Each structure stands twice: as C-alpha cells, then as structure tokens.
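There are 2 protein chains.
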Amino acid sequence: MRPTVHDIAATAGVSLATVDRVLNGRSGVRQKTIDRVEQAVRALGYVRDMTAANLARRRVYPLVFVLPDGPNSFMRNLEHEVRQAMTRSPHERTAIKLMTTRPLDAEAIARTLDGLDPKDVAGVALVAVDTACVVAAVDRLVSLGVPVVTLVSDLPGSRRAHFCGIDNVAAGRTAAGLMGRFARSTPGKVLVVAGSMRLSDHMGRASGFADVMAREFPHLSILGPLEGRDDALAVRRVVGAALAANSDIVGIYSLGAGNRGLVEVISARTGPRLSVVAHEVTDYSRKALAEGHFDAVINQDCGHEVRSAIRVLLARADGLDPVKAQERIRIDIFLRDNLP
Amino acid sequence: MRPTVHDIAATAGVSLATVDRVLNGRSGVRQKTIDRVEQAVRALGYVRDMTAANLARRRVYPLVFVLPDGPNSFMRNLEHEVRQAMTRSPHERTAIKLMTTRPLDAEAIARTLDGLDPKDVAGVALVAVDTACVVAAVDRLVSLGVPVVTLVSDLPGSRRAHFCGIDNVAAGRTAAGLMGRFARSTPGKVLVVAGSMRLSDHMGRASGFADVMAREFPHLSILGPLEGRDDALAVRRVVGAALAANSDIVGIYSLGAGNRGLVEVISARTGPRLSVVAHEVTDYSRKALAEGHFDAVINQDCGHEVRSAIRVLLARADGLDPVKAQERIRIDIFLRDNLP
DNA sequence: AAGAAAATGATTTACGTACCTCAGAATTTT
DNA sequence: AAAATTCTGAGGTACGTAAATCATTTTCTT
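As structure tokens, this is what we get:
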C-alpha cells in the first residue's frame, strides 16, 4: 500500500494538520518540525495522490491564451485547438480564456498581459514577439506568481516557465539538411524567407539553417533572410523581386507563414525547378506539396502544443515540475508522399 | 458547476443508489427506470468525475508487456521505457509486469499470452509477430475481456483494441520520398533490407516504400526486400552479398534492425557514395549518421509509445474510448544535422 | 514571571464516486 | 389474496487529501 498523509503524521510523530501545513507550504511550522516531516516523506517514499488532492481542492484554474488574430492559417489552427481544449475544460479543472491581438504587435501583447489581474489568472500561454516590452510584461506576471509559458515562439530572455514548441534551431538545421541534399547537384543561391526577425522561432530556424548550409553545403549560398511579415501579399512581392533579380536561385526555405504568396510566385514561374522547404501544413502548403511546388513541409502539431501548455501550466500552478521528456514537441516532416 | 450523481438522482426522481446501479451497470433496475436515469444523464450532460471514481474504487490495474529479448537496441530501449513506466506505476494505479520472449518466435509469444490468467490481468501490450497463432492468442484474451494493444508492430487481423506505433506505410513512403530526392541524379538500384516479412511494421514500410518508388522515381528500381532477421551478422552477410553482386546499387533502405552490420559493410566499401535511409536512432545509427554513412534515420519514440499503450489500456479497462488524436505516434526524421 | 506570539494538535467537514446493507415498496407469480 | 420475487430508497462508510476551527503547548518578549 502506498503511504498516506496519516502514515507520515504517525512516523514523524506530528499531527495530520502539521503534515498538511508542511506539504502545502503553509506557514506556522518550525523548521525543525518541517525537517522531521520531510524526512518521514522521504523515508516512506510518500507521493501525493493527485486524484485525491484534485478532488479535495475543488479549484479550477483560470488560464489565458494570447494568440495573434488575422488570417494566418497556422494561427487559426492553433486557435481551433485552444477551443477544443475549452470543451475539455470541465474534466481538466481549467477555465480557458482566449484573447487575440494584432499580429506582430508587441505593444498590443504587452497591453493584454498587463491588463490581466493576477488574482483571477492561474496561468498564461502566449505566442510571443521577442521584444523588450513583452519580456517586461511576462516578467511582471511571473513576479506576481502567475506562471507563463510561451507557445510556438519563445521569449528567451524572459522568466517564462517553459516553451511549448518545437526546437526551431533543429528545425532550421533539418531544413538545411534536406535542402542541401535535394539540391546537391546544382550550385547556386538559396533564398530564405522569414516572417519577422522579432519572432524567436523564425530567428532560430534561420540561424540553424544558415549554420548547416555554411558548414555542409558550401556549393549553396544563402540569400536573405527576407521578411515577408507572415503575409501572403508581402511574401509574393519580396520573393518575386528576389527571383527576378537573381537568376541563380536553386532553392527557397520559407520559414514563416504567408505560403500562399510563395506558391503563387513559384507556380507562375518558368525556368528550372526549385527545391522548396516550408513550414506548417495548411491547405495551401498541402496543395503545394501535392502539386510538386514544395518538396518538404516541416510541421508542428498545434494540438500537442496546446495540450502540453495546459499540462505545464497546471503543474506549475500546483508547484510541480512538468515531466520534461513528455513535453517535448516533435517535428513532423511531410513530403508529398506521406501527407496525412 | 458540473452535475454530480446527486443532481442526476434529483432530476430523474430516483435515489442515489439507483443512479449508481445504472451508471455502473449493476442489476436490479427496471428498464423504465434505467431510461429515466440515462435521460437525466444526457439532459444534464453528466460525465463521471474520474478522479473521484478512481479514488473511490482503489483499484490497481495489472498490465502485462510482452517484448522480444535479445540484443536488438531498439527493443532494449523499449524495455527501458517500460521499466521507466514501472517506476511511475504508483501514480498511475498500474502494476506493470514485463515478459520477454525469443525474437521472431511466434509460438513463444502465443504461449506467453495463453499462460496469462484473465482474472489477474487488466490489459496486455505486445510487440506482435503477425502469425495465426499469435492472432488466436490475442483474440482469446480479448474474448475473455482483457483489452490488448499492439506495440511497435501491429496485428491487423486480430481483435486488438489499438495499435501503439507509427504509421509504417507512411514511414516507408517518407523513406522513399527522401531516397528518391537524395539519389535524384543517378539511376540504379535501391536495396531494401527488412528484418522479417512476418513483422507487420516491416511489411508496411516495405510496401509504402515500393509504392512511392515505383510511382515517383522510375529511375530507381528496388532490389529485395532481403531479410536480415534484425540481426547484425545476418544483415552484414546479405547486404555484402547483394552489393558484391550488383554494382549499380545507389541506395539502401534498411527498414529493420541490425544496423550495426549494415554500417560495417558500408564503411568498409569503396566506390561511389550510397544514399542510406534507416530506422530507429540507436548508438550505431547515430554514429553512422554523424560519420556520413547514413543520410536519414526515421525514428519512433519508445517512451511515447509505452505511455500511449498504458493510457489506452487503462481507458479500455474502464470501458472508455481513448482520445484518438492524442494517441497518434509521430515519426521523427533525423539527419546528421539535427541529431539530438 | 507574566503576557504575547508562534507552533502544533485534535477534530471536523468536504470533494464525488463506489459499494454495501437493509428495509420497504412495487410487481409478478401462485 | 397471499407469497415470492423484483425493484427501489435511505443511509452509511470509504478512498486520500484540503482546509478550516479551536484548543493547547511551546517559545519568545519584556
């Protein structure tokens, strides 16, 4: 039988109330007694029965998700997954609130975060723009005791508890490994198109990509990164201009959104075939894969990311550490051949 | 507030005991009353609070994992993850028992399954060999009310509740997509090396691979699949012989285990470089990637698979359906550039 | 040493469900 | 109509923890 709080009380020679105080970090216990209790916990190998604990504290955890609005397919997909999680809320003792801000508008994100009352928020997940004001807003929440996780795009300098997203440097390295092998025979330039260098996920991908390209595939040189602002029209414009100005482009790595614009340019283009690696499976990128405009799409599963964010926030709200290995978000690589 | 059994009793106009009888399928309730209760359940949208239920019925679920023994790194890794899960057992109200059988020995697996007493087993996970006698043994357990899941390698014709593993056809297709693009410039043969065609995962990979190769990369023809019995020595022998007999081999797809033998042959070989795609990250395949002998390794995360198997078995033991989207096991693709 | 403050104990209620017993009501059978 | 049988109600205890109250002891202040 697993030991219970009663067993601890008995072996520590204290009352149940004291054990409870120690276990839940309540005040009013002398250090000497705390030690005795903690020693009993270790001796018996006590672990709190979470089912019973959750039952007893019939607390619900109000969580806030902050996402960009706008037409970005990936973000809409992410929003959909958050809404799915909302339907599961009653079972998970969460109350999820969804807030959206203008894409890439750091001040708007900061304002939204600053507007949150720590008293009625148990955790915050946000898609971050890597900017001083967002860092400050996040750190404010953390210092007020509200755990924060970043979703999809990280905020490295901040005090966020966890980043729920893929390893973007590794993703960029993967993209480079694929690109280099796909375009092994033809020397030339590879165009890199990002959304914004203020997004740490885009930064990470770009640097991982550049790193591997330089070291492993010297016959290919990098052009960019250009900033397409995750916007199809802007992407079409900048890519179109780059292709017009550089006849020796053999590949494109699109590490941000706005792939619709990219496909429009590519499919209208004549000339030798380009090797294209992009991110996120959406209707557009799926079609581009199927039609042979894209060679590979690197994808992250929004559903996993949202579920992971919730698990981590709940764990932190309970003062626990999440299981690291379980919270790793993996990369999916799709070719036209293995599209789901 | 979520409705509770009390609310149901009230709106159905029956007592708590009757609600309990209906909810838990106990006898002694008239059909008319059952209907009333079930209607109240639907009307209120009642869902059983599993934390409370689990607390009340302090049941532990004895699970059995059946794996092959032997030196196969992947299987040893899988075993390690099962042992990890055993350490978490107390939190998950499981009692995991690990049993091993000789690799590829279908009769031994069947014997092991037949030896299980349904009374003290709440669920079984096994790495299946696709054979009539294993199917029969699995179906026997299922008919006795013991849920069974297949792990890593499926048993398509059986009554297993779920397959905890990757989509192996998609994996084979992915391998083909990569191989075809890696070896785009040079026509020739691609050697396929499997462990055994009695393993449904190997079957799936081989067929997905062949499918895409034939359709998309007609300049490459398939040689094999050879059977290396997941054994390094056997792999070395068959691959060595094939390479000696065919000077026009440009790539190798190793879809089973025994990669150590493959690396030995490749690294000793002189001549033009081969494109190699293999499965499972192990010490050997990792080294082969780093040294450039392998181009890509397709990996499945044992930890996820084991955790998923446990979740599914527990859900089935409670008569629930697992959350399908959550139980999808993803494929990791590693190049030397993104090795973790 | 008296008083205040801090630490601890003892005890209770609650969470939502499972499961048990026993009595009594409703229904069917004889 | 009586007896037998089948349903149903009422009420309880239990699971392991959280959280509260209030009494008591210990420790610290002055």
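Which chain is which? The protein sequence lines are A and B, in order. Per the numbering used here, the first sequence starts with residue 1, numbered consecutively. Per the numbering used here, the second sequence starts with residue 1, numbered consecutively. For glycine and all other residues, C-beta sits at the position ideal for the given N, C-alpha and C. The structure displayed is predicted, hence computed values, not measured ones.
Helix, strand or coil for residue i, going by three-state DSSP, please let me know.
i      : result
A257/B : coil
L155/A : coil
S267/A : helix
T150/A : strand
P90/B  : helix
M50/B  : helix
I310/A : helix
N72/B  : coil
L243/B : helix
I8/A   : helix
T112/A : helix
N338/B : helix
G177/A : helix
T100/B : strand
V60/A  : coil
Give every residue of the same chain whose Cβ lies closer than 6 Å to the Cβ of residue i, excluding the five residues on either side of it in the sequence, and list them in chain order.
i      : result
A288/A : V263, F294
S308/A : C164, E327
G303/B : E81
V306/B : E81, V82, A85
Y46/A  : P3, I8
G123/A : L63, P147, L313, A317
P103/A : P68, G70
I166/B : Q300, I329, I331
Can you give me the Cβ contacts of residue i inside the same chain, cut-off strictly under 8 Å, excluding the 5 residues immediately before and after it?
i      : result
A290/B : R336, L339
A17/A  : none
D332/A : V281, I298, N299, Q300, D301
R269/B : L243
V127/A : V66, L67, P68, M75, L78, T150, L151, V152, S153
I249/A : G188, K189, V190, L191, L223, A242, L243, L274
Would you say residue i and residue j are within 8 Å of each other, going by their C-beta atoms?
i      : j      : result
E227/A : G204/A : no
G180/A : S207/A : no
A354/A : L151/A : No answer is possible for residue 354/A: it lies beyond the span of chain A, which begins at 1 and ends at 340.
F74/B  : L98/B  : no
P156/A : S200/A : yes
P225/B : V277/B : no
S275/A : F182/A : yes
T11/A  : L55/A  : no
R236/B : G261/B : yes
R316/A : A161/A : yes
D139/A : R159/A : yes
L23/A  : R48/A  : yes
P187/A : L220/A : yes
I350/B : A53/B  : Chain B is shown from 1 up to 340; residue 350/B falls before or after that span and cannot be answered.
R330/B : R330/A : yes
R2/A   : P90/B  : yes
H279/A : S254/A : yes
F209/B : A257/B : no
S185/A : S185/B : yes
I109/B : T100/B : no
R36/A  : V14/A  : yes
Buried or exposed, going by whether 16 or more other CB atoms sit within 10 Å of the CB of residue i?
i      : result
P71/B  : exposed
N259/B : buried
T168/A : Here residue 168/A turns out to be Asn, not Thr, going by the sequence shown. When all chains shown are included, N168/A counts as buried.
T51/A  : buried
D117/A : exposed
A325/B : exposed
G292/A : exposed
D283/A : exposed
G319/B : exposed
A245/A : exposed
Give a single yes or no on whether residue i has its beta carbon closer than 7 Å to a heavy atom of the ligand NAD.
i     : result
I96/B : For the structure depicted, the ligand NAD is absent and the ligand set is empty, with no information on it obtainable.
Using a Cβ-Cβ cut-off of 7 Å (strictly less than) and excluding sequence neighbours within five positions of residue i, which residues of its own chain qualify?
i      : result
D120/A : P62
G177/A : V212
P322/A : H162, R311, V312, A315
T33/A  : V14, T18
Touching by the beta-carbon criterion (3+ pairs, under 8 Å), the region 92-105 of chain A and the region 52-64 of chain A: yes
Inter-stretch contact (C-beta, 8 Å, three-pair minimum) for the region 96-113 of chain B and the region 129-145 of chain B: yes
Given 8 Å, three or more beta-carbon pairs between the region 212-220 of chain B and the region 237-246 of chain B: no
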